[in-house]
């Protein structure tokens, strides 16, 4: 009897980054830490953080990909990963540097934008409140 294998599909907003049919294990990063997926694991979903995503196909070496935030959904032997951005084809140390440089810096910029929007909305609501009381 053949061992079960995972069908992995990694999606970006406008394209398919990778599609593998013979994956034997996956390691992904979440806010709670890293976790592994084997073919017979129960169905699950997880919110991924920017970090290194790893998978291994049957009789091959591990493949490492730098991924931005996203989601992972496992149903049966299918794993669907949808992320904002992904970078492959590099050694592990370079991928770690890319995650820090590209993905985590963007997160800081997005936090600044969100804080600015909250300030603008708060100011607008405050002025609207003053206008209604006049």
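Residue numbers (our numbering): 1425 to 1558. All C-beta atoms in this analysis are idealised placements derived from N, C-alpha and C, irrespective of residue type, glycine included. All values reported here derive from a predicted model rather than from experimental measurement.
Bridge partners - residue i, DSSP secondary structure assignment
{"i": "residue 1459", "result": "1452"}
{"i": "residue 1431", "result": "1502"}
{"i": "residue 1440", "result": "1435"}
{"i": "residue 1517", "result": "Answer is none; residue 1517 lacks a bridge partner."}
{"i": "residue 1475", "result": "1491"}
{"i": "residue 1447", "result": "1430 and 1481"}
heavy atom of the ligand MG below 7 Å from residue i C-beta
{"i": "residue 1499", "result": "What this structure holds is no ligand at all, so the ligand MG is not there to describe."}
Exposure label - residue i; buried when at least 16 CB within 10 Å
{"i": "residue 1425", "result": "At residue 1425 the pLDDT is 49, less than 50, meaning the model places this residue with poor confidence and gives no usable figure here."}
{"i": "residue 1539", "result": "exposed"}
{"i": "residue 1450", "result": "buried"}
{"i": "residue 1510", "result": "buried"}
Cβ shell of residue i (< 8 Å), same chain only, five flanking positions each side left out
{"i": "residue 1437", "result": "1508"}
{"i": "residue 1500", "result": "1467"}
{"i": "residue 1516", "result": "1476 and 1488"}
Top-ranked residue by Cα proximity to residue i, from the options
{"i": "residue 1493", "options": "1476, 1499 and 1502", "result": "1476"}
{"i": "residue 1524", "options": "1490, 1496 and 1506", "result": "1490"}
{"i": "residue 1474", "options": "1446, 1439, 1496 and 1453", "result": "1453"}
Sequence-distant residues of the same chain with beta carbon closer than 6 Å to residue i, five excluded per side
{"i": "residue 1443", "result": "1433"}
Which runs of the beta strand (DSSP E) at least 3 residues long sit entirely within the segment 1477-1507? Give them in chain order. List check, beta strand (DSSP E) in window: 1486-1491, 1494-1499 and 1502-1507.
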